[in-house]
Amino acid sequence: MEKFVHLDHVDVKFSTKKGVYHALSDINLSIDQGQFFTLIGHSGCGKSTLLNIIAGLQDATEGAALCEGREIKGPGPERAVVFQNHSLLPWLTCYDNIYLGVERVFGAKEGKAKLKQRTLAALDLVGLSHAEQKRPNEISGGMKQRVGIARALAMEPKILLMDEPFGALDALTRAHLQDELMKIVAATNSTVVMVTHDVDEAVLLSDRIVMLTNGPAATIGEILTVDLAKPRDRLALANDPHYHHIRSRVLEFLYQRQMRPVAA
Amino acid sequence: MSAVYETVQAQPEVETVVPPAQPVPVKMTMTKPKFELQEKLADGLRWIIPPMLGILAFIALWALVAQETENLPGPLKTWESAKLLFSDPFYNKGPNDQGIGWNILYSLYRVGIGFGLAALVGIPLGFMIGRFKFLAAMTAPIISLLRPVSPLAWLPIGLLVLHKAEPASIWVIYISSIWPMILNTAVGVRQVPQDYLNVARVLNLSEWKVFTRILFPAVLPHVLTGVRLAIGIAWLVIVAAEMLTGGVGIGFWVWDEWNNLNVEHIIIAIFVVGIIGLLLEQGLIWIAKRFSYE
Chain A
1 MEKFVHLDHV
11 DVKFSTKKGV
21 YHALSDINLS
31 IDQGQFFTLI
41 GHSGCGKSTL
51 LNIIAGLQDA
61 TEGAALCEGR
71 EIKGPGPERA
81 VVFQNHSLLP
91 WLTCYDNIYL
101 GVERVFGAKE
111 GKAKLKQRTL
121 AALDLVGLSH
131 AEQKRPNEIS
141 GGMKQRVGIA
151 RALAMEPKIL
161 LMDEPFGALD
171 ALTRAHLQDE
181 LMKIVAATNS
191 TVVMVTHDVD
201 EAVLLSDRIV
211 MLTNGPAATI
221 GEILTVDLAK
231 PRDRLALAND
241 PHYHHIRSRV
251 LEFLYQRQMR
261 PVAA
Chain B
1001 MSAVYETVQA
1011 QPEVETVVPP
1021 AQPVPVKMTM
1031 TKPKFELQEK
1041 LADGLRWIIP
1051 PMLGILAFIA
1061 LWALVAQETE
1071 NLPGPLKTWE
1081 SAKLLFSDPF
1091 YNKGPNDQGI
1101 GWNILYSLYR
1111 VGIGFGLAAL
1121 VGIPLGFMIG
1131 RFKFLAAMTA
1141 PIISLLRPVS
1151 PLAWLPIGLL
1161 VLHKAEPASI
1171 WVIYISSIWP
1181 MILNTAVGVR
1191 QVPQDYLNVA
1201 RVLNLSEWKV
1211 FTRILFPAVL
1221 PHVLTGVRLA
1231 IGIAWLVIVA
1241 AEMLTGGVGI
1251 GFWVWDEWNN
1261 LNVEHIIIAI
1271 FVVGIIGLLL
1281 EQGLIWIAKR
1291 FSYE
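Going down the list, the protein sequences come from chains A and B.
Sequential numbering from 1 applies to the first sequence in the working numbering.
Sequential numbering from 1001 applies to the second sequence in the working numbering.
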């Protein structure tokens, strides 16, 4: 497996009114193709900042961020992002929201019929063919997030970046979407980096869990390999001692070694 | 709670409990439509009574003041005069004596031209000011300085540069209605959620797509707010401008009737100006609602 995304001694500093804020310090991370990475840590530790660096929405102050051996300069459709608050355009239908990305990526070399087919396939993948002509404010939060995922997947990205995609959903919808995401990722063999603060979600979905220390100057505390067999089933895992072992390793890191910051 | 408990209790007992339960829903469905109609009627009354009362109180107060004041005509006298006036709104007896309809149309025409030109310049300028910080900083002092200037203060400049009364009054409309359109559009562009712009960046959309698919729809409600404020100002200003410049128009008509000491007509003009202003505003609110995506 080749190193797909490579972060080498990445530092991020923000200049604020109160002076320079050192957000991330000395981040070294390699992501292989076809792997599911989650970034976990207490709020304010810079998980989203790290994701934004890979996305190209944020520049590293120091160090190198590489994708396929080339420096990441700005965002691009090969690194699709699923935003926390779905970020669908409210004046476009679900179909048009997805089509916007499809048209950009494939419009130059494919005909209209093929673009339409791609868009419909993406809607079908997330089980929303019936909501094709609905606008985002006419569908539920879970459905919006699924459209967001479909928009990202329809561009056939090389890596899927998800920033707490299920954070704003209720527990049942979240579990349902996690199951769907597992199926989609297995079917498309996607490379995924996902930010989360949900330990169960991290263990259920990941191949590797990247645990971040508390900020300021947060860094990677530990990378945990989740070697549970796939496909995973949440009910079966509930009685799996190895699952609980991994889960408690993450909890231990978050609540013993990195005590919750007082402010949070 | 107790009702649920009772039915649960009743179930294992004899069936006699069920029949008395049946008439109740039947009775409910029978009363329901009647109830709805009454509800609607009551709602309508509640909606219509306060404004009607307000209008009646206003007319009563007017009648009272008119009775005590010499030369101020009361509601009845004004109404009679209005009936006469609107029986022939489009007569034309030379440039200084035309029907009320012509006066209104001329005023609307001036507002339309001045306001239209202001929209044509103001909205694109607002977009650019919102998008480019440099331009915003460049124009900020000029806009802050000129915006609070009373619209009529621009009239002498207009007369001086344009030589004629007609374009000068259009110029006044233009300059006084351009500011809300520039400022609201610029604020709208600046307030486009960063999320949408991030989507544009991740999708790597072209500048044209960013404008048509993200910027323009996101800013449109703000633009329409600016347009609504601007048309309100334009309609306010036209009356005053026409009083000074003359010609056919509702403002000049008011002044002319003042010289004729026809106070009824002045009061009618006040109502006409108010009603047309209201219609313009409501029309734009209607348009804004149609284009809102919330």
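Just so it is clear, CB atoms sit at the ideal spot from N, CA and C, and this is done for glycine as well.
B/Thr1069 counts as exposed, since fewer than 16 other C-beta atoms from the protein chains shown sit within 10 angstroms of its C-beta. Taken through DSSP and simplified to helix, strand or coil, B/Asp1088 comes out as coil. In this structure, the straight-line span from the alpha carbon of B/Ile1113 to that of B/Ile1170 is close to 7 Å. Under the 8 Å Cβ criterion, the segment 1204-1216 of chain B does not count as touching the segment 1250-1270 of chain B, having fewer than three qualifying pairs. For the segment 1172-1201 of chain B, the set of residues with a beta-carbon nearer than 7 Å to any beta-carbon of chain A comprises Asp1195, Tyr1196, Asn1198, Val1199 and Arg1201, in chain order.
At a Cβ-Cβ threshold of 8 Å, A/Leu160 and A/Ala80 count as neighbours. Here B/Val1199 is not near B/Trp1102, since their CB atoms are 8 Å or more apart.
Residues are counted here when their Cβ sits less than 9 Å from a Cβ of chain A; for the segment 1249-1267 of chain B the count is zero. The beta carbon of A/Thr196 is closer than 7 Å to those of Thr38, Ile40, Glu164 and Ala202 in its chain, skipping five residues each way along the sequence. Just measuring C-alpha positions, the residue of B/Leu1145, B/Ile1142 and B/Tyr1174 sitting nearest B/Trp1235 is B/Tyr1174. The continuous alpha helix (DSSP H) containing A/Arg118 extends over residues Lys112 to Leu125. In the displayed model, A/Gly69 falls within coil according to three-state DSSP, outside both helix and strand. For B/Pro1217, the chain A residues whose Cβ falls inside 9 Å of its Cβ are Leu89, Pro90, Trp91 and Leu92, in order along the chain. Under the DSSP assignment, A/Leu161 falls in the beta strand (DSSP E) whose first and last residues are Ile159 to Asp163. For A/Gln84, the closest C-alpha among the options A/Met182, A/Lys47 and A/Cys67 is that of A/Lys47. Identification of chain B residues near A/Val126 by a Cβ-Cβ cut-off of 7 Å yields none; the smallest Cβ-Cβ distance measures about 17 Å.
In the DSSP assignment, A/Ser15 is bridged to A/Val20. Taking C-beta separations shorter than 7 Å and ignoring five residues to either side along the sequence, the partners of B/Ile1178 in its chain run Ala1118, Val1121 and Gly1122, following chain order. By the Cβ criterion, the segment 90-106 of chain A is not in contact with the segment 167-178 of chain A, since fewer than three pairs of Cβ atoms, one from each stretch, lie closer than 8 Å. The beta carbon of A/Pro77 falls within 8 Å of a beta carbon belonging to chain B, placing the residue at that interface.
Interface criterion met: the Cβ of B/Leu1203 is under 8 Å from a Cβ in chain A.
By the 16-neighbour rule on beta-carbons within 10 angstroms, B/Gln1067 is exposed.
By the Cβ-count criterion, B/His1222 is buried, with 16 or more other Cβ atoms from all chains shown falling within 10 Å of its own Cβ. Around the beta-carbon of A/Ala186, fewer than 16 other beta-carbon atoms lie within 10 Å, marking it exposed. Using beta-carbon distances, A/Phe14 does not count as an interface residue toward chain B, since no partner is under 8 Å.
Nearest Cα to A/Pro136 within the set A/Val126, A/Leu24 and A/Lys144: A/Lys144. Taking a 10 Å sphere around the C-beta of A/Leu125, we find 16 or more other C-beta atoms and assign the residue as buried. Looking at the DSSP output, A/Val5 shares a beta bridge with A/Ile31 and A/Cys67. Minimum Cα-Cα distance from A/Ser129 among the listed residues A/Val250, A/Asp96, A/Gly221 and A/Leu235 corresponds to A/Asp96.
Annotation for A/Gly221: no alpha helix (DSSP H) segment contains it, though the beta strand (DSSP E) segment containing it runs Ile220 to Thr225. Around the beta carbon of A/Ile72, 16 or more other beta carbons sit within 10 angstroms, so the residue counts as buried.
A/Ala108 carries a coil assignment under DSSP once its states are collapsed to helix, strand and coil. Distance from the CA of B/Leu1183 to the CA of B/Tyr1091, rounded to the nearest whole angstrom, comes to 42 Å. Taking the C-beta atoms as reference points, B/Val1219 is found no nearer than 8 Å to B/Val1239. Taken in chain order, the members of the segment 97-129 of chain A whose beta-carbon sits within less than 7 Å of a beta-carbon on chain B are Leu100, Gly101 and Arg104.
Not a single C-beta of chain B is nearer than 8 Å to the C-beta of A/Phe36.
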